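When the sequence shown is numbered by my numbering, its final residue is 566 and no position is left out of the sequence of numbers.
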Amino acid sequence: MNIKLIYNLIFLFSVLSVSLFAEQKKDPPVERISLHDIGGINYISALEFAQNQSVQTRFFDEKNKLELNFPDNRMLLSAYCSFVLVGDNIHQISRPVIYDGNDFFIPAKSLLRILNITNLPDGIVDSSEEYFVISAPNYNIHSVQIERKANGSLIRLRTSQGFNLNTIAISFSGGGWMSITIPSGKIDSLGIVNSLLQYPISQIRCMQSSESAQISFRTKSKIDDYEVFQTPDASEIIITLRIAMAENANKIKEMRNKWLLDTIVIDPGHGGKDPGAIGYTGIHEKTITLDIAKKLGKKIRKNMGVKVIYTRDEDVFIPLWKRTKIANESGGKVFLSIHVNSTGGNKSARGFETYLLRPGKTEDAIGVAQRENSVITLEEATHEYTNFTDENIILATMAQSTFMKESEHLAEVIQTELDKILTSPNRGVKQAGFHVLVGASMPNVLIEVGFLSNKKECKLLGKSSYRKKIAEAIYRALIIFKDKYESTILSAD
Ligand SMILES: [Zn+2]
Numbered sequence: 074m075n076i077k078l079i080y081n082l083i084f085l086f087s088v089l090s091v092s093l094f095a096e097q098k099k100d101p102p103v104e105r106i107s108l109h110d111i112g113g114i115n116y117i118s119a120l121e122f123a124q125n126q127s128v129q130t131r132f133f134d135e136k137n138k139l140e141l142n143f144p145d146n147r148m149l150l151s152a153y154c155s156f157v158l159v160g161d162n163i164h165q166i167s168r169p170v171i172y173d174g175n176d177f178f179i180p181a182k183s184l185l186r187i188l189n190i191t192n193l194p195d196g197i198v199d200s201s202e203e204y205f206v207i208s209a210p211n212y213n214i215h216s217v218q219i220e221r222k223a224n225g226s227l228i229r230l231r232t233s234q235g236f237n238l239n240t241i242a243i244s245f246s247g248g249g250w251m252s253i254t255i256p257s258g259k260i261d262s263l264g265i266v267n268s269l270l271q272y273p274i275s276q277i278r279c280m281q282s283s284e285s286a287q288i289s290f291r292t293k294s295k296i297d298d299y300e301v302f303q304t305p306d307a308s309e310i311i312i313t314l315r316i317a318m319a320e321n322a323n324k325i326k327e328m329r330n331k332w333l334l335d336t337i338v339i340d341p342g343h344g345g346k347d348p349g350a351i352g353y354t355g356i357h358e359k360t361i362t363l364d365i366a367k368k369l370g371k372k373i374r375k376n377m378g379v380k381v382i383y384t385r386d387e388d389v390f391i392p393l394w395k396r397t398k399i400a401n402e403s404g405g406k407v408f409l410s411i412h413v414n415s416t417g418g419n420k421s422a423r424g425f426e427t428y429l430l431r432p433g434k435t436e437d438a439i440g441v442a443q444r445e446n447s448v449i450t451l452e453e454a455t456h457e458y459t460n461f462t463d464e465n466i467i468l469a470t471m472a473q474s475t476f477m478k479e480s481e482h483l484a485e486v487i488q489t490e491l492d493k494i495l496t497s498p499n500r501g502v503k504q505a506g507f508h509v510l511v512g513a514s515m516p517n518v519l520i521e522v523g524f525l526s527n528k529k530e531c532k533l534l535g536k537s538s539y540r541k542k543i544a545e546a547i548y549r550a551l552i553i554f555k556d557k558y559e560s561t562i563l564s565a566d
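What follows is the structure, given as structure tokens:
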């Protein structure tokens, strides 16, 4: 036996002992589900999966759909469908769900991916490729919800068993941390950490030990008093926090200022080497959008007392991603992207429409987004754009769901006000995937003010007086939107 071999053996033993040790300490326990080879692809039986996870199932639509009810989420499978619904999110899978009249089979790799990106238990395919290994769900504390009340807040912990209230301890430590220790608690830390935070809680941490669970909340305000309850059905532990009144009032004032509509970002579409659409008179979309933007900005600055930020105020090329970045970094409260439409086909198409960032519903809308997105090909490849599948648009929309209601309202008011001033047809509020709107952390819309491909409208859009009318209408819409937006926020406390 040579020296090298001995070293290798020693190494091997030390690795084995470490992994054995790790195996003993593993928490939470894992479960195995067998894989079914169907046509050379590994599938997982939905009923086995549900049974393994002690999850309730329900068939409906004449047994063509199966619902799995996880403690914090639900999964919906449809026979022969390439999409799986988890909560409200649609996930695409590599192959359609197979239905044998009794059970549903999901491609293992797709299921794995879904488990790992949702708050469902995580899983892996074991190295022998015979089993699907999944963490066994034994959590009894699932999620947290913070609710703001007149003179304090509630922390609601969603639980799936009763706890002895006398053994639950609350303690305070430096840096504004308040910890609740729950003996025999098992935390779904992902569920907790992914819960929506609200004033006065700014941060949550979880610590799981074999005897107890500890959840720590960082509070922004001094807690005057607290109480712990448990609902009679043991579905929640509720902690009431009474917050120092003066600090609370200050906070509300601060929030009011934060949400005053004090900055409007105007984004004139295209620019520089990207002319956008071109009319029969030779006029460029980029020229029209810049002129409307400037007319609008001037009016806002003069009469609204609101700051105006332009993504460009001259004939320069700005990549789409940078436009949203400028908006976010300037603390914008509204983002307006101004464009002019054009169609290769129907030259009689005319009118104005306002878009929201959402999956496109009609071919026309998708076509408009494709044309507006095509400028990416002129950009230097410094930014990686998300490939726009419906799923990715839904994800991008979710990121801005806080502003969705405001964006919808803004789009509606813009259409109404344009309709009052222009004689062109009102084509309504539409939706599609526009890269320029992705990531805007404020209400945002894209306005197509008219069609350059229509002879009559092209002529109108070439007139300064017509562009002034458009700016006037958008300005009026902004006044209405600002009033509504601020009154909603000011009355929110
Ligand atoms: Zn455009």
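We treat Cβ as the ideally placed atom computed from N, Cα and C, and that holds for glycine. Computed from a predicted structure; not experimentally measured.
Inter-residue spacing [alpha-carbon to alpha-carbon] between Gly523 and Gly424: 5 Å
query: Unbroken alpha helix (DSSP H) runs of length 4 or more, entirely within the region 107-150: which are they?
result: 119-125
message: Does Ile190 pass the burial test, meaning 16 or more other C-beta atoms within 10 Å, or should it be called exposed?
response: exposed
task: Rounded to whole angstroms, what's the CA-CA distance from Leu495 to Phe507? Just pull it up for me.
output: Note on geometry: alpha-carbon atoms of Leu495 and Phe507 lie some 25 Å from one another.
- prompt: Which of helix, strand or coil does DSSP assign to Leu533?
  reply: helix
field: Cα-Cα separation, Ile351 to Ile171
entry: 50 Å
- prompt: Just curious, the beta strand (DSSP E) that Leu495 is in, first and last residue?
  reply: For Leu495, no beta strand (DSSP E) encloses it, and the DSSP letter there is neither H nor E.
message: Using 8 Å for Cβ pairs, my map puts Pro516 next to Phe461. What's the rounded Cβ distance?
response: So it is not a contact: roughly 21 Å between Cβ atoms.
Selection from His164, Ala550 and Lys557 that minimises the alpha carbon distance to Ile373: Distances from the CA of Ile373 to each of His164, Ala550 and Lys557 were compared; the closest alpha carbon is that of Ala550.
message: Given this structure, state the Cα-to-Cα distance separating Gly342 from Glu479, to the nearest angstrom.
response: 22 Å
query: What's the C-alpha gap between Leu534 and Val407?
result: Looking at the two C-alpha atoms, the distance is approximately 25 Å.
message: What does the alpha-carbon distance come out to for the pair Ile361 and Arg540?
response: 8 Å
message: Quick check on the contact list: which residues have their beta carbon closer than 6 Å to a heavy atom of ligand 1?
response: Gly342, His343, Gly349, Glu358, His412 and Glu445
Where the beta strand (DSSP E) containing Glu300 begins and where it ends: Ile296 to Gln303
message: Less than 8 Å between the C-beta atoms of Leu525 and Ser415, yes or no?
response: In this structure, Leu525 places its C-beta atom within 8 Å of the C-beta atom of Ser415.
- prompt: Secondary structure at Phe177, three-state DSSP: helix, strand or coil?
  reply: Of the three classes helix, strand and coil, the one that applies to Phe177 here is strand, per DSSP.
- prompt: Helix, strand or coil: which one does DSSP assign to Gly405?
  reply: coil
message: Is the separation between the beta-carbon of Val448 and that of Ala505 shorter than 8 Å?
response: no
Of the listed residues Leu429, Glu309, Ser410 and Lys368, nearest to Gly344 (C-alpha basis): Ser410
field: Sequence-distant residues of the same chain with beta carbon closer than 7 Å to Gly433, five excluded per side
entry: Counting only Cβ-Cβ distances below 7 Å, and skipping sequence neighbours, we find Ile439, Ala442, Gln504, Ala505 and Gly506.
- request: Just list the beta strand (DSSP E) runs in the region 192-262, keeping only unbroken ones of 3 residues or longer that don't cross its boundaries, in chain order.
  value: 196-198, 204-208, 214-222, 225-232, 242-246 and 250-256
- prompt: In terms of alpha-carbon separation, which member of Pro348, Lys542, Gly418 and Leu150 lies closest to Ile179?
  reply: Leu150
- prompt: Going by C-alpha distance, which of Lys182, Pro305 and Val502 is nearest Arg431?
  reply: Selected option, being the one with the closest Cα: Val502.
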